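Visitor: The structure that follows is given in the form of structure tokens.
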Amino acid sequence: MKNLLIVDDDKEMVKELVSVFEMEGYGVFFAFNGLSALERYRENSYDLVLLDIKMPVLDGREVFKAIKSKNPRQKIIIVTGSLGRVENFKQDPVLDQADGCFEKPFVVEQLLSRIRELI
1 MKNLLIVDDD KEMVKELVSV FEMEGYGVFF AFNGLSALER YRENSYDLVL
51 LDIKMPVLDG REVFKAIKSK NPRQKIIIVT GSLGRVENFK QDPVLDQADG
101 CFEKPFVVEQ LLSRIRELI
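Counting in UniProt numbering, the sequence shown runs from 1 upward without gaps.
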């Protein structure tokens, strides 16, 4: 079973994604802030991380850097309501390493398709 870690402070969206991904056969774990995400990441290995950028306690950019420093090959998809300008993410030296960027609201099937491509 492939494991996903969802990191987002939007509890309703996380709940919906957990339901969808579990129905697709994924093991799903989640954290509602960046600090909890790093704790979870230390506890388990994940095939893919879905990561919001704007979060309390520790923002997604810091989580992204911490995860990539531990595992440079970790697959990470940015899922955020603050993407606004996707082009800017491609110019960001940290987030340019992301394996995908989805702006909320997004089409779940498109996200699932990208996840299937990656893992």
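Glycine is no exception: its CB is placed at the ideal position from the N, C-alpha and C atoms. Predicted model only: the values in this text are computed from it and were never measured.
Mapping DSSP to helix, strand and coil, what is Glu39?
Guide: What you label residue 39 is simply residue 39 of the sequence shown in a count that begins at 1. In the structure shown, Glu39 sits in a helix (DSSP, three-state: H, G or I).
Visitor: From the DSSP output, in three-state form, read off Gly100 for me.
Guide: Your numbering for residue 100 matches position 100 in the sequence shown. The answer is coil: DSSP assigns Gly100 none of H, G, I, E or B.
Visitor: Could you tell me which residues DSSP pairs with Leu31 in its beta bridges?
Guide: For the purposes of this step, residue 31 is taken as residue 31 along the sequence shown, with counting starting at 1. One detail in the question is off: residue 31 reads as Ala in this sequence, not Leu. Ala31 pairs with Val7.
Visitor: Taking the Cβ atom as the reference point for each residue, do Val107 and Asp52 lie within a distance shorter than 8 Å?
Guide: For the purposes of this step, residue 107 is taken as the residue at position 107 of the sequence shown. For the purposes of this step, residue 52 is taken as the residue at position 52 of the sequence shown. Contact: no.
Visitor: Please identify the residue among Val20, Glu62, Tyr26 and Leu112 whose C-alpha is closest to the C-alpha of Met1.
Guide: Your numbering for residue 1 matches position 1 in the sequence shown. Of the listed residues, the one whose Cα sits closest to Met1 is Tyr26.
Visitor: Taking 8 Å as the limit between beta carbons, can you name the residues of its chain near Glu22, skipping five residues before and five after?
Guide: Mapped onto the sequence shown, residue 22 falls at position 22. Val28.
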